[in-house]
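Under this note's numbering, think of the first position of the sequence shown as 39, with each following residue one higher. Encoded as structure tokens, the structure appears first; notes follow it.
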Amino acid sequence: MDFENIGRGILRVFIKLFVLIVSIISMPAHAADYGKACIENKYSLIHGVECSLTPLFTSPWTHQGPRFGGNSVEEVMEQEFAFVKDEGMCYFETGVNPPNSHHYDGFINSKQLLGYRTGGWYQYQFANSKGECPGPPYGGGSFYVNSLRYADCYDRVTGPVDWTGTYFNDISSSGCWRANPASLQPPMVEEVAPMCTRGEFGMPLGSFPGTVGNPVQVATGNKVEYDKDFQDQRPASLDVVRVYNSAWANGRAEHPPVSYGKGWSNNHVIWLKFERNNIDPLKGDRTKALKKGDHESVIIASAAGDQAIFYRFIPGSNLPESSGSYTPGEFVSAMKGRQFFRIDNGWIYINEREVKYQFDNNGRLSKKTLPNGDYYEYIFSDHGQLLKIGNNFSRSIVFEYDATGLVSRMIPSHGHAVQFEAQAGLLVSVKYNDGSAKGYLYEDGGMLAGKIDETGARVGEYIYNDKKVVVSRKNAGVEEFRFAYHSSSTAVTSPLGETVYVANTSVPGGRVYSSTSTSRVTIYQDDPVKNVFYDNDGFLKEHSGYNWYLTAYQWDKKRNLPIEISQNKGEKVTRISWHPVLRKPIRITGDGLVRDMEYDSRGNLTRSVTSGAGDSRALDWSWDDRGNLHYFKDSGSLVASYTYDEKDNRLTETNALGHIDRFSSYDGLGRLLSFVGSNGAEYQLTYDARGRLASIGSLGLNTKYEYFANGLVQKVEYSNGYVLRYQYDAAQRLTGWSDNRGASGSYVLDGMGNQIQEKVGTTSGVAYEVSRTINAINRVASVTKGDGQKTSFGYDDSGDLTSIVDGFGKSLRITRDRFRRIYAMDNQTSAMYFAYTPSDLVSQVKDFRQVATDYGRDGLGNMTQEKSPDIGANSLTYDQRGLVATAKDAAGRTLAVQRDALGRPIQLQYGSTATSTLRYDLPGTTYNGPGAPKASTGHL
């Protein structure tokens, strides 16, 4: 029996596969299900250093069903079917669906499989009193087997639980929330997110993304491009993102003062622009008399796309017309929460996220300070060229320029130099330390028309009209988006042929949001938001979905922070209290829970306590003065502690039992070169000239990686001799793979990159084949397996799955409640129903015979009781860490679980007599013999 999953497994016999199908099939077909990619020295403001390793796939596969685990999917299936089969059945049929929901590592397009799910189903009929089998099967069920393996460094991820909830999943990320789609300045994103429609705190910017494709601004037709030339994963990161904006190239917007070539700048370039009676105060006569009613304005412009505008009027009572004094009023912004004021020798700008920018008298940025105290310092030449960026951790980046004043070289103190070549004022190539280069192609006037990757292949094609706005964007002949511009809207046609008309509306603060008048969700939306409304101050007031589900907001307008979120006219209310200085929540209430948070002076989370109905759980973190995680505790017990060297490289990780992982050596760029696990195994890692993982292994058994020049994985060679090779099309999309044992796979893709045909086989023939059709909203419309059996899927206006019809004509209809949760599932003859707690946890299930099973829960949502007329009542209790402590079935049989400091069960007490002892981490290979250590013993 799987005691770890005893609390979670009870529901699965009724609903797990149905819920699984709903969650998988209803996802957009193009949305890859990537896991956490382990990138060396990955850093998160919430989690601290998440991983010090690149992916290690040495862990074995595990296969787990609702009740049983095993060494293979087949083994688990057999156990699960045997469990539900009853001697009184006169008919019992089973089936296994092909694996789906494939879960990949996401590491530099390697597509290494980390997990998949295999569904099983069964139908049965009980004999009547005469021993006959009446009619068709009337009962059945389904489940799935979850097959997983982990990168070794997954075990080294330590951080707070997801306390942020639905609306706070972006609370520390600048992501793409700054998108200003109708501005001539491009929206800035840390990672390219061309179809993002979410803003800060996960709130919608509009019902349509500001940018589409690769990307193009929908409202203006500007082509924008982001190339990350340097990535820094440490605190106060010095990421350098090169930005192209066609509006800078064609003169529709002012070009930033720092440039790599016409239309190009980078995310660190921020400058001031004043207007005062047609005299620039930075250059003109600041003593000129100002008349009553005159005004002065300033624009804080950024190559990263954020733009703030302030103005101030001259009070007539304080400034006679004949006076020459300079005493204008206070600067005011249409966007509340922003400040701009004069200081000695410069100016200060504080944005709505409480980031402070300091400018000198020439309007050049001299310092940027984050709310947690980290800062950046900027040095410019007398000609306005950005020479150096440094942070408070002594890391820096130096820029060099050619004779024409364009950036020619970037030299990080902790990375490789990058060279830039311009011809006739246009950036034509970027060269890297390994000798590879990427190039850029232009139309007349410096309009970016495409790119050349490191292999020499053209990537991307952008076509402009006579007004120098993009009318078509495609990639190697596929993934084409077309744009047509009207006075107040833009028509966007997707690669699937659907045209959507997008309206662009201004709100106070100079922001613009995009919306559509469609009656159902579009392929461009990551959430089904139909309408978005702002108040007179430019704050999000409410938004509604295609099912008219309404969400409303209240704000602290001075700090630009949400304080209340009300769903469906107050049916669900979340209230947020904020730290008086830090832009961090200190209390979140809602769904029957209270979450209290504490922070250190740098804004690192140090304590989180979740409470509900008399139950609570506390998590604690400690950080050093450089922002490195020192230890993590759960309910007062140590989970892990860490040490670091003077360069913030992690040296050791010690778990609650004193097991130590030692990270032996790093190179000058902070990449891990070797480490020793707590079991004594030593690993070595090597990298290629571009910093990509080249090999990893132990005792001469290495896994090797080879790449195409553009960074796509070409080959993976494992220590056992197994070799995988990958193939891509001209658009750099994965189209196939093959191994050295005769197996191969191939994919046919549509214009959006969806896999519409997939084949896996050997030299002997095709072993597995599936084809898919995709509907206009980019959902899977049908799946046809190799045997010709076709399954069709239907969706509602929100894009949620509503029906499934299999190849035999059997159908399942799904009804959802106002919160888009599954309310009922109807199989044509009967229905099953679901009820939920305020936290969206299942509280009751009525099966197809209308037998109700109720689920009791404690204040933290843990299931404490399962009760139904046919099985009686089962109960569970939990320890402080939320792990099962005791279990009791309806017959009164009990199980008590004791655990070690890592949460692993070490003793299982069955009733008052039978005991099992479980032992871990034993040395040697011989156990339970004379003089040998004792292994697990007892009632197994």
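Just so you know, even glycine gets a beta-carbon here, dropped at the ideal spot from N, CA and C.
For residue i, is the classification buried or exposed, using 16 other Cβ atoms within 10 angstroms of its Cβ as the cut-off for buried?
i	result
residue 596	exposed
residue 163	buried
residue 166	exposed
residue 663	exposed
residue 909	exposed
residue 18	The question about residue 18 has no answer here: the residues shown for the chain are numbered 39 through 978.
residue 846	exposed
residue 684	exposed
residue 298	buried
residue 101	buried
residue 353	Low confidence applies here, because residue 353 scores a pLDDT of 46, under 50, leaving its location unreliable and the question unanswered by this model.
residue 589	buried
residue 406	buried
residue 966	exposed
residue 381	exposed
residue 533	buried
residue 521	buried
residue 255	buried
residue 555	exposed
residue 283	buried
Identify, in the order they occur along the chain, each residue of the same chain with its Cβ nearer than 8 Å to the Cβ of residue i, setting aside the five sequence neighbours on each side.
i	result
residue 175	129, 131, 161, 162, 163
residue 826	845
What are the start and end residues of the alpha helix (DSSP H) that includes residue i?
i	result
residue 121	111-122
residue 284	284-287
What's the C-alpha gap between residue i and residue j?
i	j	result
residue 834	residue 559	9 Å
residue 402	residue 661	34 Å
residue 983	residue 392	Lying outside 39 to 978, the shown extent of the chain, residue 983 is not represented and no answer is given.
residue 157	residue 718	39 Å
residue 514	residue 501	13 Å
residue 671	residue 746	43 Å
residue 433	residue 491	30 Å
residue 346	residue 337	6 Å
residue 565	residue 246	10 Å
residue 765	residue 457	30 Å
residue 526	residue 258	11 Å
residue 724	residue 737	14 Å
residue 941	residue 935	10 Å
residue 885	residue 625	39 Å
residue 784	residue 763	12 Å
Residues in the same chain with beta-carbon distance under 6 Å from residue i, minus the five sequence neighbours each way, listed in chain order, please.
i	result
residue 722	712
residue 177	162
residue 755	742, 761
residue 450	268, 435
residue 829	821, 844
residue 810	794, 818, 821
residue 612	603, 628
residue 632	649
Considering residue i, what are the terminal residues of the beta strand (DSSP E) in which it resides?
i	result
residue 582	578-583
residue 985	Beyond the ends of the chain as shown, which are 39 and 978, falls residue 985; an answer cannot be given.
residue 532	Here residue 532 belongs to no beta strand (DSSP E), and DSSP marks it neither H nor E.
residue 586	Residue 586 -> no beta strand (DSSP E), and no H or E assigned at all.
residue 101	100-102
residue 627	623-628
residue 849	849-854
residue 612	610-616
residue 605	599-605
residue 648	643-650
residue 800	793-800
residue 985	Since the first and last residues shown for the chain are 39 and 978, residue 985 lies out of range.
Got a sec? Which residues, its chain only, sit under 7 Å from residue i by beta carbon, not counting five neighbours each side?
i	result
residue 895	875, 879, 901, 902
residue 427	276, 306, 414, 416, 434, 435
Counting only beta-carbon atoms, is residue i nearer than 8 Å to chain B?
i	result
residue 838	No chain B is present in this structure, which holds just one protein chain.
| field | contact_flag[the stretch 267-282, the stretch 575-593] where n(CB pairs < 8 Å) is 3 or more | value | no
| request: Indicate whether the contact test is met: 3 or more Cβ pairs, each with one atom in the stretch 945-954 and one in the stretch 969-978, closer than 8 Å. | output: Yes, since at least three Cβ pairs between the stretch 945-954 and the stretch 969-978 fall closer than 8 Å, the two stretches touch.
| Should the stretch 606-618 be called in touch with the stretch 381-398, which here means at least 3 C-beta pairs below 8 Å? | no
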